[in-house]
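For the sequence shown, this note's numbering begins at 5 and goes up steadily by one.
Beta carbons: idealized from backbone N, C-alpha and C, even for Gly.
Heads up: the structure comes next, in structure tokens.
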Amino acid sequence: MRHLRVAAAASGQRVDNYLMTQLKGVPRSLVYRLLRRGEVRVNKGRVKPHQRLQAGDDVRLPPMRTAAKTEQAAPPAGLRAELAGRVLFEDERVLVLDKPAGVAVHGGSGVAYGVIEALRAARPGQDLELVHRLDRETSGCLLIAKRRSALRHLHAQLRDGAVGKRYQALLLGPLAGAVQRVDLPLAKSQLQGGERMVQVDSRAGKPALTVLRRVAAYGGMTLVDIDLHTGRTHQIRVHAAAIGAPVAGDDKYGRPEHRALARELGLKRLFLHAAELRFRPREEAPAVAVRAPLPAALAAVVQRAEEQARAL
């Protein structure tokens with residue numbers, strides 16, 4: 005057995021993220037398997053991947069063989085240059101990036117690299133950490149800490165509900181009113197073949213609240229602003245599908261007829277965009293609001309939806 009003592013600099017870090025930094029060369033899938041089996045212990049107890057560590061915690065690791073590191077492909081220079089031009093806000097502690105659709109936030113599960121690896125390659129020597137995550141096909145505001153103290157501060161805001169998140173989406177269906185609250189618990193499940201899905205589950209699900217606000221209606225489609233009050237995996241997509249109005253371009257939770265409608269609009273991606281983040285960059289500072297404009301490809305889809313609605 006191997007024991008690690010958590011340093012003050014790592015206080016507040018998630019267990020899974022801490023293990024990734026300590027177990028270089030160990031596949032991400034193995035780290036999560038060790039956690040599921042209870043082979044990783046913190047202060048002699050089992051832990052979940054999302055639990056936070058404190059300075060002085062004792063982390064027990066089982067014996068394991070670390071695979072020799074293979075030569076990993078460096079994030080391409082083109083991606084690094086693109087991300088450098090997508091910084092929406094930056095100070096000495098944090099930065100907010102306008103993440104492009106189609107790029108994962110981090111490598112793993114068959115993805116060699118993501119946004120965070122590309123940023124680290126472009127900014128050697130900086131201690132960059134993801135504060136939260138976006139789905140690969142979601143674009144928009146992504147918050148990244150440049151210091152461990154900033155990461156702890158921002159995670160505390162997330163836990164307290166002090167970080168505001170506003171999304172934009174095109175739904176393939178109507179809302180029940182100008183504003184619709186969707187308060188349905190969500191649970192993760194894993195299908196045969198390993199695909200991870202999320203579903204509404206009143207018994208085993210965790211609380212999840214999404215507030216949808218109608219911006220415009222185009223026939224049976226609705227452009228909405230979305231306030232996300234919890235941060236469950238695929239929350240917006242599952243809640244939208246649950247009310248019969250899935251997010252346009254959602255091949256995972258939409259139905260075949262919805263996919264055909266999205267193709268008619270020329271949509272080639274998920275119409276979900278993280279439009280705004282509100283947070284305090286440091287403890288004594290006032291809140292800032294950082295906004296990412298709707299990508300041109302999505303704006304063009306909205307224009308075609310408007311044209312189709314006028315032609316009816």
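Exposed is the label assigned to residue 68, since fewer than 16 other Cβ atoms lie within 10 Å of its Cβ.
Look at the beta carbons and you see the segment 295-305 touching the segment 276-284: at least three pairs across the two are nearer than 8 Å. In this structure residue 146 is not in contact with residue 83, their Cβ atoms being roughly 14 Å apart against a cut-off of 8 Å. Our two residues, residue 80 and residue 30, have alpha carbons roughly 23 Å apart in a direct line.
The beta carbons of residue 154 and residue 207 sit about 38 Å from each other, so the pair does not count as a contact at 8 Å. Looking at the DSSP output, residue 133 bridges to 149. Inclusion of residue 22 and residue 65 in the CB contact set at 7 Å is not warranted, their separation being larger than that value.
Spanning the alpha carbons of residue 123 and residue 133 requires a straight line of approximately 10 Å. About 18 Å separates the Cβ atoms of residue 223 and residue 304, ruling out a contact at the 8 Å cut-off. Membership of residue 203 in the beta strand (DSSP E) is indicated by the continuous run 200-204. Beta-bridge partners of residue 172 (DSSP): 229 and 277. Annotated as proximal: residue 249 and residue 175, with beta-carbon spacing under 7 Å.
Closest option to residue 253, judged by alpha-carbon separation, among 150, 277 and 168: 277.
A check of alpha carbon separations from residue 173 across 231, 311 and 156 identifies 231 as the nearest. Note on residue 183: under 16 other CB atoms within 10 angstroms of its CB, so exposed under the neighbour-count rule. Residue range 239-246 is occupied by the alpha helix (DSSP H) that includes residue 243.
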